[in-house]
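Novice: Residue numbers (our numbering): 740 to 1145. Backbone N, C-alpha and C fix where the C-beta goes; we use that ideal spot for every residue, glycine too.
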Amino acid sequence: MEQVQWITDFGVAEEILRHKGFREVTFKGLVPLVGPVIVTLEGPVHRERRLIGSKLFTALRLKTAETSFVAEITRREVAEASRQSQPDLVRLSYSVMAQTAGRMVGLDGLGSPENAAEAVYLLSALVSGTQARQEGKPVYTRRAARDELRKRFIDPAIARRRNLLNLYGAGRLSVGELPSDLITLLLLHTHQAERKWDTRQIAGEVAFYAVAAIDTTASLAPHLFHHLYHYCQANPVQENRLTDPRFLRNAAAEALRLHPAIPTIFRQATTSLKLKSGLEFAENQTAGIYVKEANRDASIFGPYPEEFRPDRIIQAKTRRAGLSFGGGSHLCLGRELAVGTPELAQTSFENDDSPNETELFGVAAMLVKELFAQGARPDPGQAVPELSPFARDVYHTYPLNFQQFD
Ligand code: HEM
740 MEQVQWITDF GVAEEILRHK GFREVTFKGL VPLVGPVIVT LEGPVHRERR
790 LIGSKLFTAL RLKTAETSFV AEITRREVAE ASRQSQPDLV RLSYSVMAQT
840 AGRMVGLDGL GSPENAAEAV YLLSALVSGT QARQEGKPVY TRRAARDELR
890 KRFIDPAIAR RRNLLNLYGA GRLSVGELPS DLITLLLLHT HQAERKWDTR
940 QIAGEVAFYA VAAIDTTASL APHLFHHLYH YCQANPVQEN RLTDPRFLRN
990 AAAEALRLHP AIPTIFRQAT TSLKLKSGLE FAENQTAGIY VKEANRDASI
1040 FGPYPEEFRP DRIIQAKTRR AGLSFGGGSH LCLGRELAVG TPELAQTSFE
1090 NDDSPNETEL FGVAAMLVKE LFAQGARPDP GQAVPELSPF ARDVYHTYPL
1140 NFQQFD
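(1) Looking only at its own chain, which residues have a Cβ that is under 6 angstroms from the Cβ of GLU1019, when we skip the five neighbours before and after it?
(2) Please state the DSSP three-state secondary structure of LEU1012.
(3) Comparing C-alpha positions only, which one of THR1097, GLY1067 and HIS1069 sits nearest to GLY1079?
(4) Give every residue of the same chain whose Cβ lies closer than 6 angstroms to the Cβ of PHE749, excluding the five residues on either side of it in the sequence, and list them in chain order.
(5) Are the CB atoms of LEU1062 and GLU753 within a distance shorter than 8 angstroms?
(6) Are there 16 or more other CB atoms within 10 angstroms of the CB of ILE1052, so buried, or fewer, so exposed?
(7) Is it true that the CB of PRO1119 sits closer than 8 angstroms to the CB of LEU1139?
(8) For ALA973 and ARG934, I'd like the C-alpha separation in whole angstroms.
(9) Hey, would you say the C-beta of THR956 is under 7 angstroms away from at least one heavy atom of the ligand HEM?
(10) At which residues does the beta strand (DSSP E) containing GLN744 begin and terminate?
(11) PHE761 and THR982 - do their beta-carbons sit closer together than 8 angstroms?
(12) Give a yes or no on whether the C-beta atoms belonging to ALA949 and LEU1072 are separated by under 8 angstroms.
(13) Taking only runs that begin and end inside the region 759 to 813, name each unbroken alpha helix (DSSP H) of 4 or more residues, in chain order.
(14) Decide if VAL914 is buried, meaning its Cβ has at least 16 other Cβ atoms within 10 Å, or exposed.
(15) Taking the Cβ atom as the reference point for each residue, do PRO826 and ALA818 lie within a distance shorter than 8 angstroms?
(16) For the alpha helix (DSSP H) that LEU906 lies in, which residues bound it at each end?
(17) Taking PHE766 and THR779 to be in contact with their CB atoms under 8 angstroms, please state how far apart those CB atoms are, rounded to whole angstroms.
(18) From the DSSP output, read off the bridge partner residues of ALA992.
(19) Can you find a heavy atom of the ligand HEM that lies under 7 angstroms from the Cβ of ARG1059?
(20) Between PRO918 and GLY845, what straight-line distance do the alpha-carbon atoms span, to the nearest angstrom?
(21) Who are the Cβ neighbours of PHE986 in its own chain at under 6 angstroms, not counting the five residues just before and after it?
(22) Can you give the Cα-Cα distance for TYR1137 and SER958, rounded to whole angstroms?
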């Protein structure tokens, strides 16, 4: 990429993310495939889109999700993995997250592990095309993956909800009988909007949410499990805290700080500008934020910032996960679903009246809690592969072993 100024300093990165003189460009490659979606929009149109999206992440909806289907999915999937001859945490984590995101977004049929795996494969092909090639699986271009995703999962889900809304409009269903998901929210919005959205627009927004939710959260769980396992090996007194959801929630944010699922965030200057640090940007120049480096700033995160220390004391007004959820107007909307509510009185639940009364723990911590409760350990017979310092910071496999309790 031409003219990129790379940023590793936490303060500078935060200022850029919040600065009105920059536009989001990390996801601009998705626009030809799915059209303009929440993350690629700016200004009033973005605010309007964000208002619709934030209705999905109210305290009430998220608490209901955590205590009902997220708890149910994690329990069922971990129990299923414990019966397998070669359980794998990466596969398990993707399955849990695809099913969870499927429920939030409104993609029907992801409750079956086969469909969940198929949707995950198509979503990863939508992001990276044929690089997502897997043995025995068809090869897709990004466009073909998008079309297949729509045909298999998105368009039928939209059609079903359009029908339900028609029944609601005709007084044959109550509002409480409508699904509680993104597609329904988008359809309700477009019903009232002056300019109606077509199915293609809704499908684009839905595909982006699925992309944003699944790969990110699913890739966190193996890191969290790995760090916690080794942390307790080195500090056996900590082992009884593996049942404490607050400890696990802090640990999830700490693991995400060290392994940001979106490692580089890009912004483009809309005008020539100078930052507080004196750093200058020409109009159209791109800032490339190295999230992993910025998240290891000792002045913010304290001593040994490269180490996993779930009890570390961080500076007030800083997120435990650092800049892993971005910042400013595009701050991740799914952060509480992924890693729970921040323990400090920080802003959450943008669309709520009583934000601070609801405590959430997040899918990653819930999954890992269930794994430890069921005796999951890294499989001593199959080494966990070392992460390459050059490749993307994710596990591709993580063999597990379930210890039997007497
Ligand atoms: C560990 C899990 C996650 C990580 C690390 C993560 C990371 C991010 C980051 C870095 C951004 C900002 C991108 C930018 O500024 O360029 C973002 C935006 C977004 N994320 Fe997440 N995300 C996670 C989970 C989720 C989940 C579970 C959902 C939905 C269910 C979600 C939905 C979104 C949406 C809708 C946006 C766009 C917000 C906007 O543009 O206003 N994310 N995410």
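Specialist: According to the structure data:
(1) Against the sequence shown, residue 1019 aligns to sequence position 280. Hits under 6 angstroms: LYS1013.
(2) For the purposes of this step, residue 1012 is taken as the residue at position 273 of the sequence shown. Correct three-state label for LEU1012: strand.
(3) In the sequence shown, counting from the first residue as 1, residue 1079 sits at position 340. Ranking the options by Cα distance to GLY1079, first place goes to THR1097.
(4) Translated into the one-based positions of the sequence shown, residue 749 becomes position 10. Cβ neighbours of PHE749 beyond the five flanking positions: ALA1033, ASP1036 and ILE1039.
(5) Within the sequence shown, numbered from 1, the residue matching residue 753 stands at position 14. Within the sequence shown, numbered from 1, the residue matching residue 1062 stands at position 323. Contact flag set, yes.
(6) Mapped onto the sequence shown, residue 1052 falls at position 313. Exposed.
(7) On the sequence shown, position 400 is the one that residue 1139 refers to. On the sequence shown, position 380 is the one that residue 1119 refers to. Contact: no.
(8) For the purposes of this step, residue 973 is taken as residue 234 along the sequence shown, with counting starting at 1. For the purposes of this step, residue 934 is taken as residue 195 along the sequence shown, with counting starting at 1. Taking the straight line joining both Cα atoms gives about 59 angstroms.
(9) Reading the sequence shown from its first residue, position 217 is the one you call residue 956. Indeed, a heavy atom of the ligand HEM lies less than 7 angstroms from the Cβ.
(10) One-based indexing of the sequence shown puts residue 744 at position 5. Note, GLN744: beta strand (DSSP E), 743 to 746.
(11) For this step, residue 982 is matched to residue 243 along the sequence shown. For this step, residue 761 is matched to residue 22 along the sequence shown. Not closer than 8 angstroms, so no.
(12) Taking the first residue of the sequence shown as position 1, residue 949 is located at position 210. Taking the first residue of the sequence shown as position 1, residue 1072 is located at position 333. Contact: no.
(13) 770 to 773, 782 to 793 and 798 to 804
(14) The residue given as residue 914 occupies position 175 in the sequence shown. Label assigned to VAL914: exposed.
(15) If you number the sequence shown from 1, residue 826 lands on position 87. If you number the sequence shown from 1, residue 818 lands on position 79. Their beta carbons are not under 8 angstroms apart, which means PRO826 does not touch ALA818 by this criterion.
(16) Mapped onto the sequence shown, residue 906 falls at position 167. Taken as a continuous stretch (DSSP letters only), the alpha helix (DSSP H) holding LEU906 covers 894 to 908.
(17) To locate residue 766, count along the sequence shown from 1; it is residue 27. To locate residue 779, count along the sequence shown from 1; it is residue 40. Right, the Cβ-Cβ distance comes to about 6 angstroms (below 8 angstroms), so this counts as a contact.
(18) In the sequence shown, counting from the first residue as 1, residue 992 sits at position 253. ALA992 is not bridged to any residue.
(19) Here the question's residue 1059 lines up with position 320 in the sequence shown. Because no heavy atom of the ligand HEM lies under 7 angstroms away, the Cβ of ARG1059 does not count as near it: no.
(20) Taking the first residue of the sequence shown as 1, we reach residue 918 at position 179. Taking the first residue of the sequence shown as 1, we reach residue 845 at position 106. Looking at the two C-alpha atoms, the distance is approximately 8 angstroms.
(21) Residue mapping note: residue 986 aligns to position 247 of the sequence shown, counting from 1. So the qualifying residues of the chain are ARG980.
(22) The count along the sequence shown starts at 1 and reaches residue 1137 at position 398. The count along the sequence shown starts at 1 and reaches residue 958 at position 219. Near 11 angstroms, if we compare the C-alpha coordinates of SER958 and TYR1137.
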